[in-house]
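Before any comments, here is the structure.
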Amino acid sequence: MIYLDNAATSWPKPEKVYQKMDQFFRKYGANPGRAGHKMAAYAGREIFEVREKLAEFFGAKDSSEIIFTSNATHSLNLGIRGVVEKGDHVITSCLEHNSVIRPLKELERNGIIELSIIGLTESGDLDFDSLKKAIKENTKLIVMTHGSNVTGHIFDIGKIAKLAKEKGVLVMIDAAQTAGILPINLQELPIDMMAFPGHKSLYGPPGTGGLYIRKGIKINPIFAGGTGSKSEELYQPEVWPDKFESGTLNSVGIVGLGAGLDFIKKEGLEQIWEHEYYLTQKFMEGLLSIDKVKVYGPELGKIRTPVVSFNIGEESSSEVGYILDQVFDIAVRSGLHCSPLAHQTIGTFEQGTVRVSFGYFNNIKDVEETLKAIEEIAKEV
Ligand SMILES: Cc1ncc(COP(=O)(O)O)c(C=O)c1O
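Residue numbers (full-length UniProt numbering): 1 to 381.
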C-alpha cells in the first residue's frame, strides 16, 4: 500500500511514537492532574513536558499558552467561539476548511456576527487589498489558513498578522497543513491564536491537537467542568491552561505527540520540508506531462504545501480515487476535502479533485508508481 493521504492524518507514525504510547499507557495510564498518587503525578509531568516542547517548537513565551484539544477543529471552534461577541465582524478567506467556515456561518446565521470572505487575486494569492478594505470598526477577528488543504497555497501569515495588529484586530491562524512542515515562530509573528492538529505533520496520533493563545487575549472557554485544579470553586478557574482544558486529557495521545516532536527535532524541520517539497515537485512534473491531467494550485517550482490536487479529464474524482485504491493499492483522497469554498474558487465544486498529499515517510518510488497508475487510468478514460 502506498499512503498518500498525509494531509488528512500522517501515517505511519515514527516508531518512537508507537513505543512511547505503548510504554506510557501500560505503566502510567492514570488520570493526570486528578490525584496525588505517583502514577497520576507522573502522567501530569509527562503532559507538562509535551506542553513545554510545543511552546519551544512554536516559540510561545509560556507553555500555559498552549491548550491541548482533540484536533484542529476543536481548536478553531475554541478560538472563534471564545472571542466573538454579538455585533462583531469576522474576516476569513475563500480557501478555508469547514472547521473554520461552519462555525462562522452558524454564528452569522444566528445573527451573532457579520462575516466577510476574502478571495484570491488572478495569480492565486490572497487578495490582500480586499482584506485591508474589509476591516472596519467592529472587526474583531481575522481567521485564516496558513496552507490550503486543497490547493497547497500558502498565505503570508506574517503580512496578515502585521495588518491585524496595526488595525487592532485579533488574528487566528489555522496551521493544520503547515505545523511540522513550515517554520512558525510566534515570538516573531504577532499572531494571537494558532490552531494546530497533533495528528498530521507533528506525527502524534488521532485525537490530538492544540490551540496557542497569546496571554492577555480576552477569551472564554467553550466547555466548563473538572480541571483537577480549584475543585472547591463552582466556577471555571481563570488559571491557564486549566481554564480551557476541562475533562480528562488524552494523555496517551499527548505523549505520542511529544515523541512526534522529538522526531521532528531529530530529523530537522528543514530536512522534512526539503524532502516533502522534492517529492511534491517531482510528482507535479510527472503529472503535468500526462495527457488529460489538470493540476490545481501554485505552479511547478512555486512554494506550496506537499498537497497536489488534480483531475483526469471530466472523470469523477471519486472514481479515480476508487481505482487508485482498489486496483493500484494507493490511498489518496478525492471529493471536496471538507473545503467546498476552495472548490468553488478553483472551479471544481462539481467534480471535486483527487488529492495526493506526501509525508516524510514517502519516497521517490511512491511518486513514480503513483504517476504510472495515473497514466494508466488516463489512458482508459
Ligand atoms: C486546513 C485544515 N484546517 C482544519 C482541519 C481540521 O483538522 P482536524 O482533522 O485535526 O480537526 C483540516 C483537516 O484536514 C485542514 O486541512
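Yeah, the Cβ is synthetic: ideal placement off N, Cα and C, and Gly gets one too.
Exercise. Is the number of C-beta pairs between the stretch 60 to 72 and the stretch 284 to 298 that are closer than 8 Å three or more?
Worked result: no
Exercise. Along the chain, where does the beta strand (DSSP E) that runs through Ser-116 open and close?
Worked result: Walking along the sequence shown from the start, residue 116 turns up at place 116. That run of the beta strand (DSSP E) goes 113 to 118.
Exercise. Per DSSP, which one or two residues make a beta bridge with Leu-126?
Worked result: Position 126 of the sequence shown, counting from 1, holds the residue named residue 126. Answer is Leu-120, bridged to Leu-126.
Exercise. Any chance the CB of Ser-201 is under 6 Å from a heavy atom of ligand 1?
Worked result: Stepping through the sequence shown from its first residue, residue 201 is reached at position 201. Ser-201: no, Cβ never under 6 Å from ligand 1.
Exercise. Taking 6 Å as the cut-off, is the CB of Ser-92 close to at least one heavy atom of ligand 1?
Worked result: Position 92 of the sequence shown, counting from 1, holds the residue named residue 92. Here residue 92 is Thr; the residue named in the question, Ser, does not match the sequence. No, the Cβ of Thr-92 stays beyond 6 Å of every heavy atom of ligand 1.
Exercise. Per DSSP, what kind of secondary structure is Tyr-197 in: helix, strand or coil?
Worked result: Along the sequence shown, read from residue 1 onward, the residue named residue 197 stands at position 197. With the sequence shown as reference, residue 197 is identified as Pro, and Tyr is not the correct amino acid for it. Correct three-state label for Pro-197: strand.
Problem set entry | Own chain, CB closer than 7 Å to Leu-288, minus 5 neighbours either side, in chain order | For the purposes of this step, residue 288 is taken as residue 288 along the sequence shown, with counting starting at 1. Cβ within range, chain order: Val-295 and Leu-300.
Exercise. Is Gln-177 near ligand 1, going by C-beta to nearest heavy atom under 6 Å?
Worked result: Counting from one through the sequence shown, the residue named residue 177 turns up at place 177. Correct: Gln-177 has its Cβ closer than 6 Å to ligand 1.
Problem set entry | Alpha-carbon spacing of Val-84 relative to Glu-314, whole angstroms | Counting from one through the sequence shown, the residue named residue 84 turns up at place 84. Counting from one through the sequence shown, the residue named residue 314 turns up at place 314. Looking at the two C-alpha atoms, the distance is approximately 42 Å.
For this session: Check whether the Cβ of Pro-183 sits closer than 6 Å to any heavy atom of ligand 1, and report yes or no.
Result: In the sequence shown, the residue the question calls residue 183 occupies position 183. For ligand 1, not one heavy atom lies less than 6 Å from the Cβ of Pro-183.
For this session: Give the C-beta separation of Ile-191 and Val-169 to the nearest angstrom, bearing in mind that I take them to be a contact with Cβ-Cβ under 8 Å.
Result: In the sequence shown, the residue the question calls residue 191 occupies position 191. In the sequence shown, the residue the question calls residue 169 occupies position 169. Rounded, the Cβ-Cβ distance is 12 Å, inconsistent with contact.
Exercise. If you measure from the CB of Thr-73, is any heavy atom of ligand 1 nearer than 6 Å?
Worked result: Locating residue 73 in the sequence shown gives position 73, counting from the first residue. Under cutoff, so the answer is yes.
For this session: Output yes or no for whether 7 Å exceeds the beta carbon distance between Ser-246 and Gly-225.
Result: Against the sequence shown, residue 246 aligns to sequence position 246. Against the sequence shown, residue 225 aligns to sequence position 225. Yes, Cβ-Cβ distance for Ser-246 and Gly-225 is below 7 Å.
For this session: Reducing DSSP to helix, strand and coil, say where Phe-310 ends up.
Result: Position 310 of the sequence shown, counted from the first residue, corresponds to residue 310. Of the three classes helix, strand and coil, the one that applies to Phe-310 here is strand, per DSSP.
Exercise. Which term fits Gly-210, buried or exposed, when burial requires 16 or more other beta carbons within 10 angstroms of its beta carbon?
Worked result: On the sequence shown, residue 210 is found 210 positions in, with the first residue counted as 1. Result: buried.
Exercise. Does the Cβ of Asn-149 lie closer than 6 Å to at least one heavy atom of ligand 1?
Worked result: Counted from its first residue, the sequence shown places residue 149 at position 149. Yes, Cβ of Asn-149 sits closer than 6 Å to a heavy atom of ligand 1.
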